[in-house]
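Engineer: Residue numbers (the UniProt record's numbering): 1 to 643.
Sharing a structure below in C-alpha cells format, with a few things to ask.
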C-alpha cells in the first residue's frame, strides 16, 4: 500500500502528514538508494553515528590535504577567512564548490525508524547537467557517500548547508559530549548517595510536624467529616504519642493528644466514645489500631469434622470434589478445616445435611479442648446453645457417659436439638433451666463448661452493632450475671471426682470486667485454683489492670485476639476444685473477732487462766456452724450414684 515514487518526475513535495505516515513510500525510495555496504554490521547509537561521521569527515579532509601537498599546494586551513578563498593564483580553481542539493526553507531533516531520510524532504536543483556533489575542497563525494550510512549522509548534507564544520566546531561538540557525560555521571553518583544514605532524603513528616487543631478548626470541618483527613490526623497523632517527649507541641499535654485521638478514631471506625475508651485501656496504641482494623474484616469460615461419622481426610476429599477450596485449620486442631471459597453453599451440601461437619468458629473449639472431657464422665454444658460445643464434647467422649445440655432460652434450644440429631449425638440430655439455680436442680458433675453470656466485644466483625449499643451499665450487668453463673458452675462440680473436678469459664469478650475480674472473684469465693488450659498459644491474662491487682495465677488464663490469631476475641480460664466446702464470710472475719474478744477481756496480770477461759468461750459462740458444714460435705460426697 502507499504511493509509488516515479523517479522521472521531479515534483516538489514537502514533508506533509501523508508523506510522513505512509511507509510504502519509504520502501519504494529504498529501491533507488545505493546499497549500504554496512548493512550487516551492528547498528550504532545516535552518539556513535555522530562520532563515526566526524571520523569520516576528518579522514576525507586528511586525504584532500595529502593530495594538495603532492601537487605542491598548501593544504587548506579550517578558519573562516581561509575557507572564503586562497591568496595564490589558483584560488579560483580551488574555490569551494556549492552543493547542488539544498534543503527547502522551513524544513528540517526527519528520519524514519529505519534511520532513512523520509521522502519529500530534500529537493533536487538541476541545471541540466548530472554533476556529482563535491566536498569543501572540490573533491567528489560519491565514493565517500557510498561508505556512509543513510543517517550519516543526511547529517553531512545538513552540515554542508550550514557552511561546513571547522576543527573548532568538532572540538566544541566533543567538549559538549564530555560535559554531558560528566553531568550524567554526577547525577548517577548523587542518586546512589541518596539511596545509600537515607538521611539525605527529606522527610516531610519531620519538616511538617503534627500540630493539634483548635476547637474552631474541628468545628469548621465538613459534615460528614472527610475520612481521609481524619486518617492522616490519626497517623500524625500516633507518631507524636510514640515519641511524645521529642515530638510534642509546646503548651499541650498528653491528655489533649489522647482525647483528640479517641475522638478521631471514634469517628473513623464508628465506635462509641465509651467503648473506645475501654479499648484504649486494654491495648497499647499501635496494637489498638490493628485490633480496630481487624474488626473491619470478617474472620475466615471454619468447620469442625464430626468424627462420629467420618474422618477429616475423607471429608476434605469429598468437599474438594464439590469445588471447595480448603486447608487444615492448624496444628493445634485435629478436626478443624478452614474454607477459602466454595462453588456450592457450604451450609447446604449433602455432607452437611448428613452430619459430617459442623459450621463452627475456630475460637469455639478452644474451650472444649481446654475442658478435655474423658469417656464415661458426667458433664454439664451450662449455656449450650446453639450446640456446637456440646456436640464437640460428645465427639471427644465417643457418645459415652452423659452430657446435660442446658440453656435458659427455650427458643435457642430448638437449634441445639436439631444439631444434636443431625450430628448423631446420643448421650446428651437437653434441659431448660436458669443456670444460677442449677446446683439445686442437679449437681455432682465431673466437669462443667460455662460459656457465659457477655457483651460480645470480641465478635465485632460478626455484629458491628456492638460498636455503639454498649455502655457501662451493660458491661456491669454482664459481669454481675457472670459472677453468679461461675459460682453456680463451681458448686455443680464434685471435687471428689476421680477423673474430673474441673470448670472451664470462657467468654467472647475482651473486657477485663467480664474476664479477669470475674475469675478473681471466683478464686476468693470458692475453694478452687487456676490450672493450665493446655493451649500452647494465646496471650496471658492480666494480673494488674489500672488500679486493680489480681491473683498471680491469672497468668495461666488465655486471651485470643482477631489481629494476632485471626479468630474471634475469646477468653478462657480453667479451674480445679479441691474442696466441696464453701468458704464463709465469718472465716475471713475470725482474726478480727479474736482481736475484739481479746480486747474485751480485762488485762489482769495475775489471772492468766481466767483470761484464757473467757477467750475460748467467746470463740465458741462465734462458730456455731462448723458441725453443720462437715455434715453437708459428707452428704455432697455421697450424692453421686455408683456406676
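All residues carry an ideal CB built from backbone N, CA and C; glycine is no exception.
Just so we're clear, the structure is a prediction, and the values are computed from it rather than from any experiment.
1) Just how far apart, CA to CA, sit residue 655 and residue 229?
2) Put residue 494 into one of helix, strand or coil per three-state DSSP.
3) Can you name, in chain order, every residue of its own chain whose Cβ lies under 6 Å from the Cβ of residue 397, other than the five neighbours on each side?
4) Looking only at its chain, what residues have a beta carbon closer than 6 Å to the beta carbon of residue 600, apart from the 5 residues adjacent to it on each side?
5) Does the Cβ of residue 417 have 16 or more other Cβ atoms within 10 Å, making it buried, or fewer, making it exposed?
6) In terms of residue numbering, what span does the beta strand (DSSP E) encompassing residue 553 cover?
7) Tell me which residues share the same chain as residue 491 and place their Cβ nearer than 6 Å to its Cβ, disregarding the 5 neighbours each side in the sequence.
8) So, helix, strand or coil for residue 574, using DSSP?
9) When the Cβ atoms of the region 472-484 are set against those of the region 545-559, are three or more pairs found closer than 8 Å?
10) Rounded to the nearest angstrom, what separates residue 527 and residue 575 at their Cα positions?
11) Using alpha carbons as the reference points, say which of 328, 522, 345 and 347 lies closest to residue 338.
12) Consult DSSP for residue 539 and reduce its assignment to one of helix, strand or coil.
13) Going by DSSP, what residue range makes up the beta strand (DSSP E) through residue 405?
14) Output yes or no for whether 7 Å exceeds the beta carbon distance between residue 500 and residue 446.
15) With distances taken Cα to Cα, identify the nearest neighbour of residue 532 among 513, 553, 520 and 547.
16) Please determine if the region 310-323 and the region 344-361 are in contact, where contact requires at least 3 C-beta pairs separated by less than 8 Å.
17) List the DSSP bridge partners of residue 357.
18) Leaving out the 5 sequence neighbours to the left and right, which residues in its chain are closer than 6 Å to residue 408 when beta-carbon positions are compared?
19) Go through the region 292-345 residue by residue and report every complete run of the beta strand (DSSP E) that reaches 3 residues or more, in order.
20) Residue 469 to residue 495, Cα distance in whole Å?
21) Would you give the residue range spanned by the alpha helix (DSSP H) that residue 645 belongs to?
22) With residue 451 as the anchor, note down where its beta strand (DSSP E) starts and where it stops.
23) State the Cα-Cα distance for the pair residue 257 and residue 225, rounded to the nearest angstrom.
24) Contact check, residue 227 vs residue 268 under 8 Å by CB: the rounded distance?
25) Please return the same chain residues whose Cβ sits closer than 8 Å to the Cβ of residue 285, not counting the five positions on each side in sequence.
26) Would you call the CB atoms of residue 660 and residue 550 closer than 7 Å?
27) Looking at C-alpha atoms only, which residue of 367, 321 and 363 is the closest neighbour of residue 350?
28) Does the structure place the region 340-347 close enough to the region 443-463 that three or more beta carbon pairs sit under 8 Å?
29) I'd like to check one pair, residue 370 with residue 534: are the Cβ atoms closer than 7 Å?
30) Please name the residue in 379, 423 and 282 whose C-alpha comes closest to that of residue 310.
31) At the level of alpha carbons, what is the spacing between residue 404 and residue 444?
32) Whole angstroms are fine: how far does the CA of residue 567 sit from the CA of residue 319?
33) Which of the three DSSP states is assigned to residue 428 in this structure?
34) For the beta strand (DSSP E) holding residue 271, just list the boundary residues, first then last.
35) How is the beta strand (DSSP E) around residue 505 delimited, first residue to last?
36) Between which two residues does the alpha helix (DSSP H) carrying residue 582 extend?
Structural biologist: From the atom records:
1) The structure shown has nothing for residue 655, since the chain only spans 1 to 643.
2) Counting from one through the chain shown, the residue named residue 494 turns up at place 494. In the structure shown, the three-state DSSP call for residue 494 is coil.
3) Within the chain shown, the letter at position 397 stands for residue 397. Closer than 6 Å at Cβ, skipping near neighbours: 373 and 375.
4) As a working note, residue 600 is residue 600 in the chain shown. Residue confidence for residue 600 is low, a pLDDT of 35 falling below 50, so the modelled location carries little weight; the figure read from the coordinates is stated next. Excluding sequence neighbours, residue 600 sits near nothing in its chain.
5) Locating residue 417 in the chain shown gives position 417, counting from the first residue. Flag for residue 417 reads exposed.
6) Within the chain shown, the letter at position 553 stands for residue 553. Taken as a continuous stretch (DSSP letters only), residue 553 belongs to no beta strand (DSSP E), as it is neither H nor E.
7) The residue given as residue 491 occupies position 491 in the chain shown. Excluding residues within five positions, the ones whose Cβ falls inside 6 Å are 439.
8) Taking the first residue of the chain shown as 1, we reach residue 574 at position 574. Residue 574 falls in the strand class under three-state DSSP.
9) Taking 8 Å as the limit for Cβ pairs, the verdict is that the region 545-559 does not touch the region 472-484.
10) On the chain shown, residue 527 is found 527 positions in, with the first residue counted as 1. On the chain shown, residue 575 is found 575 positions in, with the first residue counted as 1. Spanning the two alpha carbons is a distance of roughly 10 Å.
11) On the chain shown, residue 338 is found 338 positions in, with the first residue counted as 1. Sorting 328, 522, 345 and 347 by C-alpha distance to the C-alpha of residue 338 places 328 at the top.
12) The residue labelled residue 539 in the question sits at position 539 within the chain shown. DSSP, read as helix, strand or coil, puts residue 539 in strand.
13) Taking the chain shown and counting its residues from 1, the one referred to as residue 405 is at position 405. Taken as a continuous stretch (DSSP letters only), the beta strand (DSSP E) holding residue 405 covers 402-406.
14) Within the chain shown, residue 500 is the residue found at index 500, counting from 1. Within the chain shown, residue 446 is the residue found at index 446, counting from 1. Going by C-beta atoms, residue 500 is nearer than 7 Å to residue 446.
15) The sequence position of residue 532 within the chain shown is 532, counting from 1. Shortest Cα-Cα distance from residue 532 to any of 513, 553, 520 and 547 involves 553.
16) These segments touch.
17) In the chain shown, counting from the first residue as 1, residue 357 sits at position 357. The partner list for residue 357 (beta bridge, DSSP) reads 305.
18) By 1-based counting over the chain shown, the position of residue 408 is 408. If the five residues before and after residue 408 are omitted, its C-beta is found closer than 6 Å to the C-beta atoms of 434, all from its own chain and listed in chain order.
19) Counting whole runs of 3 or more residues, the region 292-345 contains the beta strand (DSSP E) stretches 301-305, 324-328 and 336-342.
20) Within the chain shown, numbered from 1, the residue matching residue 469 stands at position 469. Within the chain shown, numbered from 1, the residue matching residue 495 stands at position 495. Looking at the two C-alpha atoms, the distance is approximately 41 Å.
21) Residue 645 lies beyond the stretch modelled for the chain, which goes from 1 to 643, so this question has no answer here.
22) Taking the chain shown and counting its residues from 1, the one referred to as residue 451 is at position 451. Looking at the DSSP string, the run of the beta strand (DSSP E) that includes residue 451 is 447-451.
23) What you label residue 257 is simply residue 257 of the chain shown in a count that begins at 1. What you label residue 225 is simply residue 225 of the chain shown in a count that begins at 1. Each residue's Cα considered, the two are about 19 Å apart.
24) If you number the chain shown from 1, residue 227 lands on position 227. If you number the chain shown from 1, residue 268 lands on position 268. Rounded, the Cβ-Cβ distance is 6 Å, consistent with contact.
25) Counting from one through the chain shown, the residue named residue 285 turns up at place 285. Result list for residue 285: 238, 241, 242 and 261, in chain order.
26) Because the chain in this structure spans residues 1 to 643, residue 660 falls outside the shown range and cannot be described.
27) Stepping through the chain shown from its first residue, residue 350 is reached at position 350. By alpha-carbon distance to residue 350, the top candidate from 367, 321 and 363 is 321.
28) The region 443-463 makes no contact with the region 340-347, as fewer than three CB pairs between them are under 8 Å.
29) Position 534 of the chain shown holds residue 534. Position 370 of the chain shown holds residue 370. Residue 370 sits close to residue 534, with the two beta carbons spaced by under 7 Å.
30) Counting from 1 along the chain shown, the entry for residue 310 is found at position 310. When only C-alpha atoms are compared, the closest one is 423.
31) As a first step, residue 404 is located in the chain shown; it is residue number 404 there, counting from the start. As a first step, residue 444 is located in the chain shown; it is residue number 444 there, counting from the start. Taking C-alpha positions only, residue 404 is separated from residue 444 by approximately 12 Å.
32) Taking the first residue of the chain shown as 1, we reach residue 319 at position 319. Taking the first residue of the chain shown as 1, we reach residue 567 at position 567. Residue 319 and residue 567 have their C-alpha atoms some 23 Å from each other.
33) Stepping through the chain shown from its first residue, residue 428 is reached at position 428. In the structure shown, the three-state DSSP call for residue 428 is strand.
34) In the chain shown, counting from the first residue as 1, residue 271 sits at position 271. Where residue 271 is concerned, there is no enclosing beta strand (DSSP E), given that its DSSP letter is neither H nor E.
35) As a working note, residue 505 is residue 505 in the chain shown. First-last of the beta strand (DSSP E) with residue 505: 502-507.
36) Your numbering for residue 582 matches position 582 in the chain shown. From DSSP, residue 582 is part of no alpha helix (DSSP H); its letter is neither H nor E.
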